[in-house]
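Number of protein chains: 2
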Amino acid sequence: MPEAPAAAPPTRAAARERILEAAYRLFSRRGIRDVGIDEVVQSAGVAKATLYRHFPSKDELVVAFLQDRERRWTRDWVETEARRRGGNPEERLLAIFDAFDEWFGRADFEACSFINVLLEMGSAHPAGEASVRHLENIRLIVRRLAEEAALSDPESFARSWHILMKGAIVSAAEGDAQAAQRAKAMARALIERHR
Amino acid sequence: MPEAPAAAPPTRAAARERILEAAYRLFSRRGIRDVGIDEVVQSAGVAKATLYRHFPSKDELVVAFLQDRERRWTRDWVETEARRRGGNPEERLLAIFDAFDEWFGRADFEACSFINVLLEMGSAHPAGEASVRHLENIRLIVRRLAEEAALSDPESFARSWHILMKGAIVSAAEGDAQAAQRAKAMARALIERHR
DNA sequence: TATCAGAGACAGACTGGTCTGTCTAGGTTA
DNA sequence: TAACCTAGACAGACCAGTCTGTCTCTGATA
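These protein sequence lines map, in sequence, to chains E and X. Those letters in the first sequence? Residues 500 to 694, per my numbering, in order. Those letters in the second sequence? Residues 500 to 694, per my numbering, in order.
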């Protein structure tokens, strides 16, 4: 170990990472308005001035959180799981709902932060605008998978598919444990129509 | 005109109605947390003490608003429009998305208050719990229409159908003007599967 | 090698503003 | 008179964002 990074001392320089980690933990589970800056500061073990040095306002911290959410949730989880689970393009599309099924069953299921923030803050708010962009990126992943599966009208397909994804998430948030299977069945029919 | 209702004098007794009207106007468009009691009071032209005489807390005002929303939106609009537009039970089901299509095009489209409140306040909050109950009632209407159409497994059908409704609403909130048509196409396929 | 300056982190008080809910005081109508 | 209303001050909590002052680590210089 050449540089003894040792994590033990309340290591400097990692402050930004700790803030983002705490913001992710709190915002993804409880929403934006319910979590105050003081709580983020305390949860991150960071001074308030340090947070404001790295993020000039709460809004900008929220935008950074949403970027983080895209990396962790959209790319490292949804897209990765879809590609890992499916043996061919159509299977990879359907595997999204298999992943959702496991996700919905988790005790700490927190729904979709992009939808939550969009509805919580409104589409005019900077964080709402960012959410819309991140939702577009999810649709882009679906669209690419549809193109790989050589389905017709991939843009329209992706928009319909996204309706199923969002509807399933809201239904799961409402308590329907089988929402993913229901959506998957409708998704199969959608593939048929675009084959 | 027997009783000169004339709206001009800040008529008494109608205070509760004015409060509910203002709460509906504000909460349905901007959400719960973004609207303070002072704003409701001012918009209703009512004294604060009067509001608190009729509704012991903001939470209870919100619950009353959600009840109002069920009357106005779920029953007087969704159910009424579905039954009015459709000539037979299956058409009445599909007509929900025709009504949605017009709704999504309105400039003051405000999405679904039950979904908004559920995601804004969380399912543990009293208003969130009430939202879940009101969403169940929407599903019940769909279920009854499915039974009238003699479709198989009406409960499961209604849950799947509701996924399409909620997904379409969120997509419309995100900006997809054709969300209702897309959902309607998938809804047709769902009817086929339950025939 | 010893010293010292600066960067950045820490703790937490403080400001200005908002929010919910209570209270006082006075008006209007039946 | 009784019941209900209006106006608006007020208490107490909370929140975003600023600021003061202290500490610790790094790295350059003497």
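Glycine residues also receive a C-beta, built at the ideal position from the N, C-alpha and C atoms. Here the structure is a predicted model, which is why all the values come from computation and not from measurement.
Proximity to residue i [Cα-Cα], best of the options
i	options	result
Leu565(X)	Ala522(X), Arg658(X), Glu691(X), Asp652(X)	Ala522(X)
Ile711(E)	Ser542(E), Leu663(E), Ala514(E)	Nothing about residue 711(E) can be read from this structure; chain E reaches only from 500 to 694.
Leu519(X)	Asp533(X), Arg532(X), Val545(X)	Val545(X)
Ala679(X)	Val631(X), Asp597(X), Ser630(X), Arg638(X)	Asp597(X)
Ser659(E)	Gln677(E), Arg687(E), Val534(E)	Arg687(E)
Arg681(E)	Arg517(X), His693(X), Arg632(X), Phe608(X)	His693(X)
Lys665(E)	Cys611(E), Arg517(E), Ser655(E)	Cys611(E)
Glu578(E)	Phe599(E), Pro555(E), Leu560(E), Gly535(E)	Phe599(E)
Gly621(X)	Ala629(E), Ala672(E), Ile637(E)	Ala672(E)
Arg568(E)	Arg532(E), Val534(E), Leu525(E), Glu646(E)	Leu525(E)
Glu619(E)	Ser542(E), Ser527(E), Pro555(E), Phe608(E)	Ser527(E)
Glu516(X)	Val534(X), Arg532(X), Ala543(X), Leu634(X)	Ala543(X)
Exposed unless 16 or more other CB atoms sit within 10 angstroms - verdict on residue i
i	result
Trp572(E)	buried
Asn587(X)	exposed
Asp675(X)	buried
Pro625(X)	exposed
Trp602(E)	buried
Ser651(X)	exposed
Gly627(X)	buried
Arg697(E)	Nothing can be reported for residue 697(E), as the shown portion of chain E is limited to 500 through 694.
Glu589(E)	buried
Glu605(E)	Looking at the sequence itself, residue 605(E) is Arg, so the reference to Glu does not match. By the 10 Å Cβ count, Arg605(E) comes out exposed.
Pro653(X)	buried
Lys683(X)	buried
Ser630(X)	buried
Ala645(X)	buried
Ala513(E)	exposed
Closer than 8 Å to chain X by CB, residue i
i	result
Val539(E)	no
Gly604(E)	no
Tyr551(E)	no
Ser659(E)	yes
Ser670(E)	yes
Arg532(E)	yes
Val545(E)	no
Ala667(E)	yes
Ile614(E)	yes
Glu619(E)	yes
Ser556(E)	no
Arg688(E)	According to the sequence displayed, residue 688(E) carries Ala and not Arg. Answer yes: the Cβ-Cβ gap between Ala688(E) and chain X drops below 8 Å somewhere.
Ser651(E)	no
C-alpha gap between residue i and residue j, whole angstroms
i	j	result
Thr549(E)	Asn615(E)	27 Å
Ser670(E)	His661(X)	8 Å
Pro509(X)	Arg552(X)	Here the model assigns Pro509(X) a pLDDT of 44, short of 50, so the residue's position is not dependable, and the following value carries that caveat. If I take the Cα positions, the gap works out to 17 Å.
Gly530(E)	Ile668(E)	16 Å
Arg643(E)	Ala649(E)	10 Å
Gly585(E)	Asp575(X)	45 Å
Leu639(E)	Ala563(E)	21 Å
Ala503(X)	Val540(E)	At Ala503(X), the pLDDT of 28 sits below 50, so the modelled position is not reliable; the number obtained from the coordinates is stated separately. Their Cα atoms are separated by approximately 60 Å.
Arg582(X)	Arg632(X)	22 Å
Ala594(X)	Met685(X)	13 Å
Phe656(X)	Glu538(E)	43 Å
Asn636(E)	Leu617(E)	15 Å
Phe613(X)	Val561(X)	11 Å
Chain E contact for residue i (CB, 8 Å cutoff)
i	result
Ile536(X)	no
Glu673(X)	yes
Ala645(X)	no
Val641(X)	no
Arg681(X)	yes
Ala469(X)	This structure cannot settle anything about residue 469(X), because the visible part of chain X is limited to 500 through 694.
Val577(X)	no
Ser542(X)	no
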